[in-house]
Amino acid sequence: MIRRVILLGLSAIVAGCTTMSQGEYKTAQTALSGSPSLKREIMASCIKDENARSAKDKAEMAAVFNINPSTYAQTFCKRMINGMASNRITYQDYRNLDSSTADNSKLIRVLQGR
1 MIRRVILLGL SAIVAGCTTM SQGEYKTAQT ALSGSPSLKR EIMASCIKDE NARSAKDKAE
61 MAAVFNINPS TYAQTFCKRM INGMASNRIT YQDYRNLDSS TADNSKLIRV LQGR
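Here the sequence shown stands for residues 1 to 114, where the numbers follow our numbering.
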């Protein structure tokens with residue numbers, strides 16, 4: 001049951017559909033960093049969601065994040081999920097996504113693979 005809750009929460013966060021509390025985010029990070037099978041499930045869900053974006057959106061995102069457009073979904077999801085699992089993407093970075101005035105340079109660096 002806990003695995004399912006974490007899986008649903010992580011799927012939502014990666015898709016950008018919901019806002020997690022700091023405790024939920026930390027729990028999700030711990031689960032991701034310690035469970036390769038959970039990481040694979042979240043990766044598959046993320047890739048599916050990213051592939052559903054329009055070609056224009058994918059091309060724009062690929063340009064910003066220095067990703068080959070043909071491998072955009074896989075590369076973006078790998079960088080996002082590994083960044084979360086390793087704490088390179090912190091809860092504050094995640095919360096800053098909701099702000100148009102926040103400094104998201106650290107998040108961009110992670111998603112650019114730097």
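Virtual Cβ for every residue (Gly too), placed ideally from N, Cα, C.
Query                                                                                                                        : Result
Give the DSSP-derived three-state secondary structure of R88 in the structure shown.                                         : coil
Skipping 5 residues on each side, what residues in its chain have a beta carbon closer than 7 angstroms to that of K58?      : P69, Y72
What residue from T30, A52, K106 has the CA that sits closest to Q92's CA?                                                   : K106
Among S99, A62, R95, which residue has its Cα nearest to the Cα of L111?                                                     : A62
How many whole angstroms separate the CB atoms of Q22 and A85, which I take to be in contact at a CB cut-off of 8 angstroms? : Q22 to A85, Cβ: 16 angstroms. No contact.
Indicate the three-state DSSP secondary structure (helix, strand or coil) for L38 in the structure shown.                    : helix
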